[in-house]
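Novice:
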Amino acid sequence: MKTQSFARQFYLALVAYRRAFSFVKEEGLRHWYLIITAGAFFCMWFVRLVLGAGAGWIETEMLTPFRDNASAATESWGWVGWDWVAGGLERVVEWLVFVFGLWIQFKVTKFIVLIVLSPLYAIFAELIARRIRGSAMSDGGERGWQWSLWRGLRSALLLVGLEVGVGVVLSVIFLFIPLVIPAIGVVTWWLFPFISGAVSIGFYGAAVLDYAWEQTGYDARQSLHATSSVLGAAMALGLPFYVLMALPFAGWLAGPLFGGMICVVAALTWNQHDV
1236 MKTQSFARQF YLALVAYRRA FSFVKEEGLR HWYLIITAGA FFCMWFVRLV LGAGAGWIET
1296 EMLTPFRDNA SAATESWGWV GWDWVAGGLE RVVEWLVFVF GLWIQFKVTK FIVLIVLSPL
1356 YAIFAELIAR RIRGSAMSDG GERGWQWSLW RGLRSALLLV GLEVGVGVVL SVIFLFIPLV
1416 IPAIGVVTWW LFPFISGAVS IGFYGAAVLD YAWEQTGYDA RQSLHATSSV LGAAMALGLP
1476 FYVLMALPFA GWLAGPLFGG MICVVAALTW NQHDV
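Heads up: take any position in the sequence shown, counting from 1, add 1235, and you land on the numbering used here.
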């Protein structure tokens, strides 16, 4: 593997991303846009199912009991006419739940896309690897697309688990500790969105690079180690995926197509020519 600076890795990976669109066209693979679109629709349906169930649980287990307890408290304290206090608290809680719900929706959508579409991306990566090498067999080898499919799903689950773990640690450090030491909260609460975003971009990049490493015969642990040595490329490939997934209304489709699918192509071509 070539030794390159972070900036050089970042630049070459972005170039690979730009060229990936032409690669898909020249290799006659544009029908994969339709395949990934079908997968994206399934992901969206699954996201709605998960979030709908979660919203119902929050309403019945959190908001309704809070509303009832707040009303009972104002009555027991003899605060005649102070029902507006309970109503105000309820609206504040509902607003916080709404903001938290938006964040959860973004995270849940991302995780579902990475997991549900991983088998499709794995088969697509196998096909891309064969086109790049002009052979019927990729270096990932004799195990075939079935192995790629299973490994892609397993790696996606591993990366999602790792990101959730890192996210919990960051939340404790940047959000909850400042509740105990308010003086540092002024800094940490502003830093948290940027650091959390950078971590998400890195994991997006690791997810697409994993398909490239798989084609070289790496297992999941070797893949993570290899990605840690090319963080510039991981950030460059994760950036379009992250930005497109964050688009309002269109992210659920643009992310899997022009983020996931194109970034998989970019990861494989970058790995073939620039590593």
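A virtual CB, placed ideally from N, CA and C, is assigned to each residue, including glycine.
Does the stretch 1476 to 1496 come close enough to the stretch 1452 to 1461 that 3 or more CB-CB pairs lie under 8 Å?
Specialist: Contact between the stretch 1452 to 1461 and the stretch 1476 to 1496 is absent, because fewer than three Cβ pairs lie under 8 Å.
Novice: Judging by CA-CA distance, which residue of His1508, Gln1507, Ile1497 and Val1415 is the nearest neighbour of Leu1264?
Specialist: What you label residue 1264 is simply residue 29 of the sequence shown in a count that begins at 1. Taking only the C-alpha atoms, the option nearest Leu1264 is Ile1497.
Novice: Helix, strand or coil for Ala1455 per DSSP?
Specialist: If you number the sequence shown from 1, residue 1455 lands on position 220. Ala1455: helix per DSSP, three-state reduction.
Novice: Measuring CB to CB, does Tyr1439 end up less than 8 Å from Gly1473?
Specialist: As a first step, residue 1439 must be located in the sequence shown, where it is residue number 204. As a first step, residue 1473 must be located in the sequence shown, where it is residue number 238. Yes. Within cutoff.
Novice: Can you tell me whether Ala1251 is buried or exposed? The criterion is at least 16 other CB atoms within 10 Å of its CB, across all chains shown.
Specialist: Translated into the one-based positions of the sequence shown, residue 1251 becomes position 16. It counts as buried.
Novice: Can you tell me whether Phe1476 is buried or exposed, with buried defined as 16 or more other CB within 10 angstroms of its CB?
Specialist: Within the sequence shown, numbered from 1, the residue matching residue 1476 stands at position 241. Buried, because 16 or more other Cβ atoms sit within 10 Å of the Cβ of Phe1476.
Novice: Are the stretch 1252 to 1261 and the stretch 1499 to 1510 touching by the rule of at least three beta carbon pairs closer than 8 Å?
Specialist: Contact holds: three or more Cβ-Cβ distances are below 8 Å.
Novice: Excluding the 5 residues flanking Glu1262 on each side, which residues of the same chain have their C-beta closer than 6 Å to its C-beta?
Specialist: On the sequence shown, residue 1262 is found 27 positions in, with the first residue counted as 1. Within the same chain, Glu1262 has close Cβ partners Arg1366.
Novice: Report the CB separation of Gly1467 from Ala1275 in whole angstroms; it is logged as a contact under 8 Å.
Specialist: One-based indexing of the sequence shown puts residue 1467 at position 232. One-based indexing of the sequence shown puts residue 1275 at position 40. The Cβ separation is near 28 Å, so there is no contact.
Novice: If you check the beta carbons only, do Phe1427 and Phe1409 fall under 8 Å apart?
Specialist: Position 192 of the sequence shown, counting from 1, holds the residue named residue 1427. Position 174 of the sequence shown, counting from 1, holds the residue named residue 1409. Yes. Within cutoff.
Novice: In terms of alpha-carbon separation, which member of Ala1364, Ala1248 and Val1407 lies closest to Thr1423?
Specialist: Position 188 of the sequence shown, counted from the start, is the residue given in the question as residue 1423. The shortest C-alpha separation from Thr1423 is found at Val1407.
Novice: Determine the closest residue to Ala1364 out of Phe1493, Ile1271, Phe1277 and Leu1444, with distance taken between C-alpha atoms.
Specialist: Indexing the sequence shown from 1 puts residue 1364 at position 129. It is Leu1444.
Novice: What separation, rounded to the nearest whole angstrom, lies between the Cα atoms of Gly1495 and Leu1479?
Specialist: Within the sequence shown, residue 1495 is the residue found at index 260, counting from 1. Within the sequence shown, residue 1479 is the residue found at index 244, counting from 1. Their backbone Cα atoms lie some 9 Å apart in a straight line.
Novice: Can you round the beta-carbon distance between Ile1358 and Val1282 to whole angstroms, since I take them to be within the 8 Å contact cut?
Specialist: Working through the sequence shown from its first residue, we reach residue 1358 at position 123. Working through the sequence shown from its first residue, we reach residue 1282 at position 47. With 8 Å as the limit, Ile1358 and Val1282 do not qualify as a contact, their Cβ atoms being about 22 Å apart.
Novice: What is the C-beta distance between Ala1471 and Phe1245, in whole angstroms, given that I count them as a contact (C-beta under 8 Å)?
Specialist: Here residue 1471 refers to the residue found at position 236 of the sequence shown. Here residue 1245 refers to the residue found at position 10 of the sequence shown. That belief holds up - the Cβ atoms of Ala1471 and Phe1245 are roughly 4 Å apart, short of 8 Å.
Novice: Over the uninterrupted alpha helix (DSSP H) stretch that includes Glu1261, give me the two end residues.
Specialist: Here residue 1261 refers to the residue found at position 26 when the sequence shown is read from its first residue. Element bounds for Glu1261: Phe1241 to Glu1261.
Novice: Are the beta-carbon atoms belonging to Ile1412 and Leu1355 less than 8 Å from one another?
Specialist: For the purposes of this step, residue 1412 is taken as residue 177 along the sequence shown, with counting starting at 1. For the purposes of this step, residue 1355 is taken as residue 120 along the sequence shown, with counting starting at 1. No.
Novice: Going straight from the alpha carbon of Gln1450 to that of Val1399, what length do you get?
Specialist: Numbered from its first residue, the sequence shown carries residue 1450 at position 215. Numbered from its first residue, the sequence shown carries residue 1399 at position 164. Whole-angstrom Cα-Cα distance: 26 Å.
Novice: Express the C-alpha separation of Val1351 and Gly1387 in angstroms, rounding to a whole number.
Specialist: By 1-based counting over the sequence shown, the position of residue 1387 is 152. By 1-based counting over the sequence shown, the position of residue 1351 is 116. Those two C-alpha atoms are separated by around 10 Å.
Novice: Looking only at its chain, what residues have a beta carbon closer than 7 Å to the beta carbon of Tyr1453, apart from the 5 residues adjacent to it on each side?
Specialist: On the sequence shown, residue 1453 is found 218 positions in, with the first residue counted as 1. Once the five neighbours on either side are set aside, the close Cβ partners of Tyr1453 are Ala1461.
Novice: Alpha carbon to alpha carbon, what distance is there between Ala1441 and Val1500?
Specialist: One-based indexing of the sequence shown puts residue 1500 at position 265. One-based indexing of the sequence shown puts residue 1441 at position 206. Answer to the nearest angstrom: the Cα atoms are 14 Å apart.
Novice: Measure the Cβ-Cβ separation of Leu1488 and Tyr1268 and say whether it is below 8 Å.
Specialist: Taking the first residue of the sequence shown as 1, we reach residue 1488 at position 253. Taking the first residue of the sequence shown as 1, we reach residue 1268 at position 33. It is not a contact, given that the beta carbons lie outside the stated cut-off.
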